[in-house]
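Heads up: the sequence shown at position 177 corresponds to 180 in the numbering used here, and the numbers run straight through without jumps. Heads up, the thing below is written out as structure tokens.
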Amino acid sequence: MAGIREYSESDRTAATLSLVAFVAGISLIWAVIGPGHSAASLSEASGSQVIPSTALAMFRTIAAMASVFTLSAIASNKEGLNYNVLDYETKIYGPRRLLGTSRLAAYTMWSFGLLGIYFSIAAFVTWSHILGTNVPDILLVACPAALAASCASALLVSVTVTFILIPESNERGDNISHYFLWDNQIMHNGNVIILSAELLVTDITIGLSHISFPVIFGAIYVTFSAFFATREGGFYFYDFLDPRLNGAPIIHMTLLTVMAALYIGVILLTSLVDWNRGVAAVAIILLLHLVTTFKDPKEATLDS
């Protein structure tokens with residue numbers, strides 16, 4: 004009998020994507036008719052009780068520019084990079100050299116792009132408030148929604164890289180040097196550091212009413228991943244996202260559940276920030292130490 008991450012005679016693609024679409028549909032309905040679609044106030048979206056508005060605007064602008072610069076550098080790189088990916092036709096997981104925009108199909112890049120979108124919106128709102136110009140209501144709705152999705156997504160990236168991708172790659176004996184290049188470091192580690200700083204200073208309120216947005220973002224990506232493998236790229240960045248796997252429906256539902264669970268963790272952190280910012284800062288530093296990886300664990304073991 005085939006295991007969860009093995010192939011069986013039955014292709015699970017239809018069942019997997021149908022389940023994903025169902026969950027995404029329910030989440031979308033909740034996003035539209037639930038309390039999460041309400042707009043943040045201008046003072047919430049643009050202000051901070053900790054730092055001046057100008058400093059907040061500059062921080063958000065720099066964060067947005069970091070996202071744009073990093074993704075642009077990756078897409079325009081002519082040399083490319085070797086990635087371990089799952090070939091769609093052969094179902095063999097192995098190295099492939101990827102160039103240009105094909106590298107942007109990875110969830111890590113999507114997540115960092117979402118971070119850039121949030122900070123672009125938030126920076127625009129903050130600068131507009133400082134300059135006294137009008138802010139469209141849609142941006143005040145988008146701010147908490149994008150922040151919610153971005154926080155859960157960034158945490159998923161860092162947790163997955165630290166606890167799944169790097170350990171599994173080391174176990175297989177794969178070359179994992181690309182995880183420690185500057186661009187991957189900022190997307191795997193800098194992402195959660197930047198968003199943690201934002202959570203500590205922002206006045207934007209996010210709660211359970213916004214839980215649908217991380218789930219929707221996750222559903223969009225896994226659907227894109229399936230179509231990218233069959234229509235464009237011919238490969239999956241993550242072998243466990245192949246919807247043909249025997250346990251693909253379970254894997255995909257688990258991933259969307261994990262997105263929701265990680266977002267609940269983010270809510271707990273924001274509650275801690277509201278209660279005591281100093282205690283929250285300590286908790287966040289400990290969490291960052293746990294989920295970030297700046298050095299190959301094998302090298303760290305040898306050094307010790």
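We treat Cβ as the ideally placed atom computed from N, Cα and C, and that holds for glycine.
Check                                                                                                                                                               : Outcome
Spatial neighbours of PHE72 within its chain, please: CB distance less than 6 Å, with the 5 preceding and 5 following residues excluded, ordered by chain position. : none
Please state whether DSSP places LEU272 in a helix, a strand or coil.                                                                                               : helix
Between SER46 and ARG99, what straight-line distance do the alpha-carbon atoms span, to the nearest angstrom?                                                       : 48 Å
Looking at the secondary structure, which residues open and close the beta strand (DSSP E) in which ASP90 lies?                                                     : 84–90
Which of the three DSSP states is assigned to ALA297 in this structure?                                                                                             : Residue identity differs from the one stated: residue 297 is Phe in this sequence, not Ala. PHE297 falls in the coil class under three-state DSSP.
Apart from the five residues just before and just after ALA109, which ones in its own chain have a Cβ nearer than 7 Å to its Cβ?                                    : PHE240
Rounded to whole angstroms, what is the Cα-Cα separation between ILE141 and ALA263?                                                                                 : 24 Å
In whole angstroms, what is the alpha-carbon distance linking SER307 and VAL26?                                                                                     : For SER307, the predicted model reports a pLDDT of 49, less than 50, meaning its position is unreliable; a value from the coordinates is still stated below. Between SER307 and VAL26, the C-alpha separation is close to 46 Å.
Taking a contact to mean a Cβ-Cβ separation below 7 Å, would you say ALA34 touches SER215 in this structure?                                                        : yes
Scan the region 165–190 and note each continuous beta strand (DSSP E) run of 3 residues or more that stays entirely inside, going in chain order.                   : none
Pop quiz: ALA126 and THR64 are said to be a contact at Cβ under 8 Å. What is the actual Cβ separation, rounded to whole angstroms?                                  : 4 Å
Quick check: SER153 and LEU117, are their CB atoms within less than 7 Å of each other?                                                                              : yes
Who are ILE101's beta bridge partners in DSSP?                                                                                                                      : As written in the sequence, residue 101 is Leu, which differs from the Ile given in the question. DSSP, once it has assigned bridges, lists LEU84 as partnering LEU101.
Would you say SER49 and HIS132 are within 7 Å of each other, going by their C-beta atoms?                                                                           : yes
What is the C-beta distance between GLY83 and LEU107, in whole angstroms, given that I count them as a contact (C-beta under 8 Å)?                                  : Contact doesn't hold; Cβ gap of about 12 Å is too wide.
Take ILE287 and list the residues in its own chain whose beta-carbon comes closer than 6 Å to its own, dropping the five residues that flank it on each side.       : SER199
What distance in whole Å lies between the Cβ atoms of GLY237 and TYR91, which are believed to be in contact at a cut-off of 8 Å?                                    : 5 Å
Going by DSSP, what residue range makes up the alpha helix (DSSP H) through ASN194?                                                                                 : 194–204
Looking at the unbroken alpha helix (DSSP H) that takes in ARG247, where does it start and where does it end?                                                       : ARG247 -> no alpha helix (DSSP H), and no H or E assigned at all.
The alpha helix (DSSP H) with THR19 in it runs from where to where?                                                                                                 : 16–36
Run through the DSSP bridge pairs and tell me what PHE238 is partnered with.                                                                                        : ASP90
CA-CA distance, TRP185 and PRO38?                                                                                                                                   : 39 Å
Say whether the region 145–152 touches the region 278–298, bearing in mind that this needs 3 or more beta-carbon pairs closer than 8 Å, one atom from each stretch. : no
From the DSSP output, which residues share a beta bridge with TYR96?                                                                                                : LEU89
Look at the alpha carbon of ASP177 and the alpha carbon of PRO300, and state the distance between them as a whole number of angstroms.                              : 13 Å
Would ARG15 be called buried (16 or more neighbouring beta carbons within 10 Å of its own) or exposed?                                                              : buried
So which of HIS213, MET256 and LEU290 has the shortest CA-CA distance to LEU345?                                                                                    : No statement about residue 345 is possible, as the shown extent of the chain runs from 4 to 307 and does not include it.
Between PRO79 and TRP278, what straight-line distance do the alpha-carbon atoms span, to the nearest angstrom?                                                      : What sits at residue 79 in the sequence shown is Ser, not Pro. Roughly 45 Å between the two C-alpha positions.
Let's test the definition: count the other Cβ atoms within 10 Å of the Cβ of SER114 and tell me whether it reaches 16, buried, or not, exposed.                     : buried
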